[in-house]
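Numbering (the numbering used here), first residue to last: 423 to 709.
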């Protein structure tokens, strides 16, 4: 399986010299199995660059777009994803079932003429919608499991298994219980324990680590994670690698460097050799 980061930032795009290394585009991750199954996670502004690259490659596009949730930073790149404007392309869009509005209605809403010149119904690609609850689905040769996350909107995490490896995409997510207990006192909340079991043993964990511990204390209830929590989850779940993701828009590259080093030291302090790194736009991993 191949994984490529097209957007790693949270909340709002942050282009500029201070974010060159980790990137300023919002969330978008590409996964491809060895058999060619094409999965896209979230459609932040990073999906625009992905669409341009697909255009350079030529040929028709058949892809599966799995949305964690529909806050702006996870869908505002969708209207700029060029493959959806071209006939012959096929896109299946997945997302958590919401009692308020359908997935189609949400995406159509941001493309209403008040906000965007081209309505969803005018897109020329073949687009299907699938609404999900917790469970398991198969997408060609990939098995995809779903898990509700702790966010301010209905939000879904995904675990993908294919080619003998597994990847978990877990954003946006806030701890259920007290942060800081973790490895040193055990995870006391059942929601945290369920999440750990869901990601147990993954080869790559991509998780929302937007805040430092001090920042999280001032932002409880905002629906995002912190470096200490994500590190403890990854170590407890015995993940092989963990990518700190959904970077805070006010953080320059140097601040993310410090967060990565903090997480590495925290893991080493309990004897873990887990590979911790900051997700960087343009990076590609082969698992």
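Note that CB positions come from ideal geometry on N, CA and C, so glycine has one too.
Your pair residue 661 and residue 692 does not check out as a contact, with CB atoms roughly 14 Å apart and the cut at 8 Å.
Distance from residue 635 to residue 601 at the Cβ level is roughly 7 Å; contact confirmed, criterion being Cβ atoms closer than 8 Å.
In the assembly as shown, residue 534 is an exposed residue. Its beta-carbon has fewer than 16 other beta-carbons within 10 Å.
DSSP links residue 448 through a beta bridge to 431. With contacts defined as CB atoms closer than 8 Å, residue 425 and residue 709 qualify as a contacting pair. A contact is defined here as three or more CB-CB pairs under 8 Å, and the region 551 to 567 meets this definition with respect to the region 514 to 521. Taking 8 Å as the upper bound for CB-CB distance, residue 491 and residue 573 are in contact here, some 6 Å apart.
Note on geometry: alpha-carbon atoms of residue 701 and residue 563 lie some 26 Å from one another. In the three-state DSSP reduction, residue 522 falls in the coil class, being neither helix nor strand. For residue 696, no alpha helix (DSSP H) encloses it, and the DSSP letter there is neither H nor E.
Residue 630 places its beta carbon less than 8 Å from that of residue 593.
For residue 617, the secondary structure class from DSSP, reduced to helix, strand or coil, is helix. In this structure, the CA atom of residue 477 is about 18 Å from the CA atom of residue 459. Secondary-structure assignment with DSSP links residue 627 through a beta bridge to 590 and 664. Using a C-beta cut-off of 8 Å, the region 463 to 482 makes contact with the region 496 to 516, since at least three inter-stretch Cβ pairs fall below that distance.
Between residue 591 and residue 618, the C-beta gap is not smaller than 8 Å, which leaves the two residues out of contact. Taking C-beta separations shorter than 6 Å and ignoring five residues to either side along the sequence, the partners of residue 567 in its chain run 558 and 581, following chain order.
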